[in-house]
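According to our numbering, the stretch in the sequence shown is residues 7 to 468, in order.
Quick reminder that beta carbons are idealized off the backbone N, C-alpha and C, glycines included.
Please read the structure below before turning to the comments.
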Amino acid sequence: MEFPDSCFLTPNLSPTWHNKLLFLSQFGVGGVVKILVVGNGGREHALAWSLLRSPQVEQVFCAPGNGGTAVMNRCQNIPLTVEDFAGIGQFAQAQGIDLVVVGPEVPLALGITDFLQQQNLKVFGPTRLGAAIEASKAWAKALMQAAGVPTARSAVFTAAEPAKAYVAAQGAPIVVKANGLAAGKGVTVADSVEMAQAAIDAAFGGQFGAAGEQVVIEECLIGQEASILALTDGQTIRPLLPSQDHKRIGEGDTGANTGGMGVYAPAPIVTPALMQRIQAEVLEPTIATLRQRQIDYRGILYAGLMITPQGDPKVIEFNCRFGDPETQAVLPLLETPLLDLLLACVEGRLAEQPAIIWKSAASACVVMASAGYPGSYPKGLPIQGLEQAEATGAIVFHAGTKLENNTMLTDGGRVLGVTAVGQTFADAIAKAYAAIPTIQFAGAYYRRDIGHRVQSLDPLTS
Ligand code: AMP
Ligand code: GLY
């Protein structure tokens, strides 16, 4: 059922979504809110999918979206790049978009939120200053120190020689990080001093462009990683369910780092007691320190944690956005309408929002990647069997795909996130893996051991 905006006009009220919702609550009909999701990955497909399950959402647009968002009901792709702020602003104004949800870090770091807010648009995602928490590792480290957040010991360098001398003095293993955004490729966990020094030379030699003009060198943490995606309106901060990504390309967590090859949720390593510590020792002090710096941070604060063998949380990094693939495993467990949560953040009402409701279940997402990823890989290969995969009960989120002449083609390194929800981890993992053989594209690669740490655990009793 569609209502023209004129339905909502009264002498004293403008046709904002507030009035639309008021109208809805009076007349009991759903779906008038229009959302624009910025980005084209699996995360954005999952955001669009989850937002469309929020009863008040009528339509989602994705700029630029992917093959999955192109074929989803009530979803439409808009051919605008994530850096085309002017085009995105014009589209949002013309369509009467009620909320812009920004997926990736690059437009946030470039100030998309600041730009769109100036046009009185509602934007979920921090401003440029807030996005520095991901865009500059040196800045994030200084913030963590000021906030007293537990993290690896580190030092920042602007030239290769002192950095190499520091590494020689510290010894290996040691971690070398380009300061800026490097599409997930700027981190080297070095097993030897030579490897660390080569990474320093590569960064200062221009491998990551301006992102490598400063280098952060860190103590190597050991333990298990966990991802905490926390919603915040700049005052209140609330974690979503914890998840665990699988960063390495190879089974047994071997080989090169990737954007993430699979994930499960809720990660049992983050017990309720540990989550309380993370809230008190990481999330609250970080948001308080951002506030002290006059940074009005509304969006996701993503803490990438190492849980040490002693059970202590240490921050590996902060990101200023939803994780990918984490979002693909976390959102299918969400019962509370995602729209309510995002609006509560944007409007500074998170403290009033009732407790988030989750399914009592587990989820697993297995990434199917192009042959050669995370190195170079072919694009444009036809993908078959997607409908059969969905018919098994799995949710297939598209990451690197495009629809061309009614054919779904590969269009990126991570192609699909095959996701399933089950009563136990074993169920969810088995369901995701059962869907995979129905999907074919040339050279498809996936890890066969996603969830190996929790395979035998029931999420409700662990
Ligand atoms: P990032 O690109 O910052 O997400 O880092 C990529 C990955 O490098 C992380 O997920 C960790 O697996 C690893 N890493 C980064 N910093 C450290 C550290 N200090 N100790 C151990 N591993 C790290
Ligand atoms: N999965 C890791 C990330 O989103 O950065």
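(Q) For the pair the segment 178-194 and the segment 214-226, tell me if three or more CB-CB distances fall below 8 Å. (A) A contact between stretches requires three or more CB pairs, one per stretch, nearer than 8 Å, and the segment 178-194 meets this requirement with the segment 214-226.
Q. Under a criterion of Cβ closer than 5 Å to any non-hydrogen atom of the ligand GLY, which residues qualify, in chain order?
A. Taken from the N-terminal end onward, the list reads Asp251, Gly266, Gly329, Asp330.
Q) Three-state secondary structure (DSSP) at Tyr451? A) On the sequence shown, residue 451 is found 445 positions in, with the first residue counted as 1. Strand at Tyr451.
Q. Which residue from Leu149, Pro85, Gly45, Arg59 puts its Cα closest to that of Glu323?
A. Counting from one through the sequence shown, the residue named residue 323 turns up at place 317. If we check each option's Cα against that of Glu323, Leu149 comes out closest.
Q) For Phe214, which residues from the same chain have a beta carbon less than 6 Å from its beta carbon, with the 5 sequence-adjacent residues on both sides left out? A) Position 208 of the sequence shown, counted from the start, is the residue given in the question as residue 214. The residues Ala184, Ala188, Gly192, in chain order, have a CB closer than 6 Å to that of Phe214 in the same chain once the five nearest residues on each side in sequence are set aside.
(Q) At 4 residues or longer, what runs of the alpha helix (DSSP H) sit wholly inside the segment 372-456? (A) As summarised for the segment 372-456, the continuous alpha helix (DSSP H) elements at least 4 residues long and confined to that stretch are 392-397, 431-441, given in chain order.
(Q) So, at 6 Å on beta carbons, what are the nonlocal neighbours of Asp239 in its own chain, with the 5 sequence-adjacent residues on each side left out? (A) Here residue 239 refers to the residue found at position 233 of the sequence shown. Exclusion of the five residues before and after Asp239 leaves Arg304, Cys351, Gly354, Leu356 as the residues of its chain whose Cβ lies within less than 6 Å of its Cβ.
Q) Are the Cβ atoms of Leu289 and Ile139 separated by less than 9 Å? A) Your numbering for residue 289 matches position 283 in the sequence shown. Your numbering for residue 139 matches position 133 in the sequence shown. Not in contact: Leu289 and Ile139 (Cβ atoms no closer than 9 Å).
Q) Can you name, in chain order, every residue of its own chain whose Cβ lies under 8 Å from the Cβ of Asp417, other than the five neighbours on each side? A) Locating residue 417 in the sequence shown gives position 411, counting from the first residue. Sequence-distant partners of Asp417 (beyond 5 residues in either direction) whose C-beta falls short of 8 Å from its own C-beta, in its chain, are Asn72, Gly73, Lys385, Gly386, Gly406, Thr407, Lys408.
Q) Per DSSP, Met150 forms a beta bridge with which residues? A) Translated into positions along the sequence shown, residue 150 becomes position 144. Met150 has no beta-bridge partner at all, per DSSP.
Q. What is the DSSP secondary structure of Leu296, reduced to helix, strand or coil?
A. Mapped onto the sequence shown, residue 296 falls at position 290. DSSP places Leu296 in helix when its eight states are reduced to three.
Q) Would the beta-carbon of Val181 be found less than 8 Å away from any heavy atom of the ligand AMP? A) Here residue 181 refers to the residue found at position 175 of the sequence shown. Yes, Cβ of Val181 sits closer than 8 Å to a heavy atom of the ligand AMP.
Q: Please work out which residues of its chain come closer than 7 Å, Cβ to Cβ, to Ser12, disregarding the five sequence neighbours upstream and downstream, and give them in chain order.
A: Position 6 of the sequence shown, counting from 1, holds the residue named residue 12. The pLDDT assigned to Ser12 is 35, lower than 50, so where the model puts this residue is not dependable; a value taken from the coordinates is nonetheless given after this. Counting only Cβ-Cβ distances below 7 Å, and skipping sequence neighbours, we find nothing.
Q) Span of the beta strand (DSSP E) holding Thr238? A) Residue numbering aside, residue 238 sits at position 232 when the sequence shown is read from its first letter. Where Thr238 is concerned, the enclosing beta strand (DSSP E) starts and stops at 230-238.
**Q.** Rounded separation between Ala171 and Asp197 - CA only
**A.** Here residue 171 is taken as the residue at index 165 of the sequence shown, counted from 1. Here residue 197 is taken as the residue at index 191 of the sequence shown, counted from 1. Between Ala171 and Asp197, the C-alpha separation is close to 16 Å.
**Q.** Ala69 versus Val199: straight-line alpha-carbon distance, rounded
**A.** Translated into the one-based positions of the sequence shown, residue 69 becomes position 63. Translated into the one-based positions of the sequence shown, residue 199 becomes position 193. A direct Cα-Cα distance of roughly 43 Å separates Ala69 from Val199.
Q) Which runs of the beta strand (DSSP E) fall wholly inside the segment 75-130 and span at least 3 residues, in chain order? A) Listed in chain order, the beta strand (DSSP E) elements of length 3 or more contained wholly in the segment 75-130 are 81-83, 105-108.
**Q.** Cross-strand partners of Thr260 (DSSP beta bridge)
**A.** Within the sequence shown, the letter at position 254 stands for residue 260. Bridge partners of Thr260: Gly256.
Q. What residue from Leu58, Asp433, Arg244, Arg297 has the CA that sits closest to Gln285's CA?
A. Here residue 285 corresponds to residue number 279 of the sequence shown, with the count starting at 1. Out of Leu58, Asp433, Arg244, Arg297, Arg244 has the C-alpha closest to the C-alpha of Gln285.
Q) Leaving out the 5 sequence neighbours to the left and right, which residues in its chain are closer than 8 Å to Gln32 when beta-carbon positions are compared? A) What you label residue 32 is simply residue 26 of the sequence shown in a count that begins at 1. Confidence at Gln32 is low in this model, with a pLDDT of 46, below 50, so the placement of that residue is unreliable and no value is reported for it.
Q. How is Phe67 classed by DSSP in three states: helix, strand or coil?
A. Locating residue 67 in the sequence shown gives position 61, where the first residue counts as 1. If DSSP states are grouped into helix, strand and coil, Phe67 belongs with the strands.
Q. If we ignore side chains and look at the alpha-carbon of each, how far apart do Asp455 and Ile445 end up?
A. One-based indexing of the sequence shown puts residue 455 at position 449. One-based indexing of the sequence shown puts residue 445 at position 439. If you draw a straight line from the Cα of Asp455 to the Cα of Ile445, it comes to about 18 Å.
Q) Looking at Phe163 and Gln220, is the spacing between their C-beta atoms short of 9 Å? A) To locate residue 220, count along the sequence shown from 1; it is residue 214. To locate residue 163, count along the sequence shown from 1; it is residue 157. A Cβ-Cβ contact shorter than 9 Å links Gln220 with Phe163.
Q | Euclidean distance between Cα positions of Val460 and Val421 | A | Taking the first residue of the sequence shown as 1, we reach residue 460 at position 454. Taking the first residue of the sequence shown as 1, we reach residue 421 at position 415. Looking at the two C-alpha atoms, the distance is approximately 25 Å.
**Q.** Residues near Val63 by beta carbon distance below 7 Å, same chain, minus five either side
**A.** One-based indexing of the sequence shown puts residue 63 at position 57. Counting only Cβ-Cβ distances below 7 Å, and skipping sequence neighbours, we find Gly37, Val39, Ile41, Leu57, Leu345.
Q: Excluding the 5 residues preceding and the 5 following Gln117 in the sequence, name in chain order all residues of the same chain whose CB lies nearer than 6 Å to its CB.
A: Translated into the one-based positions of the sequence shown, residue 117 becomes position 111. Per the sequence shown, the amino acid found at residue 117 is Gly instead of Gln. Sequence-distant Cβ neighbours of Gly117 in its own chain, meaning closer than 6 Å and more than five residues away, are Arg134.
Q. Relative to the C-alpha of Val402, which residue among Val43, Gly45, Val44, Trp55 is closest?
A. Taking the sequence shown and counting its residues from 1, the one referred to as residue 402 is at position 396. Closest option to Val402, judged by alpha-carbon separation, among Val43, Gly45, Val44, Trp55: Trp55.
Q) Relative to the ligand AMP, is the shortest distance from any of its heavy atoms to the C-beta of Cys326 smaller than 8 Å? A) On the sequence shown, position 320 is the one that residue 326 refers to. Taking the Cβ of Cys326 as the reference point, every heavy atom of the ligand AMP lies at 8 Å or farther away.
**Q.** Local conformation of Ile139 per DSSP, three classes
**A.** Position 133 of the sequence shown, counted from the start, is the residue given in the question as residue 139. Shown here, Ile139 sits in a helix according to DSSP, grouped into three states.
Q. So, using beta-carbon positions, are Val112 and Val321 closer together than 9 Å?
A. Here residue 112 refers to the residue found at position 106 when the sequence shown is read from its first residue. Here residue 321 refers to the residue found at position 315 when the sequence shown is read from its first residue. No.
(Q) Quick check on the DSSP output: the beta strand (DSSP E) that includes Ala350 runs from which residue to which? (A) In the sequence shown, counting from the first residue as 1, residue 350 sits at position 344. Here Ala350 belongs to no beta strand (DSSP E); instead the alpha helix (DSSP H) covers 344-352.
Q. What's the gap between the Cα of Gln359 and the Cα of Met201?
A. Your numbering for residue 359 matches position 353 in the sequence shown. Your numbering for residue 201 matches position 195 in the sequence shown. Rounded to the nearest whole angstrom, the C-alpha separation of Gln359 and Met201 is 49 Å.
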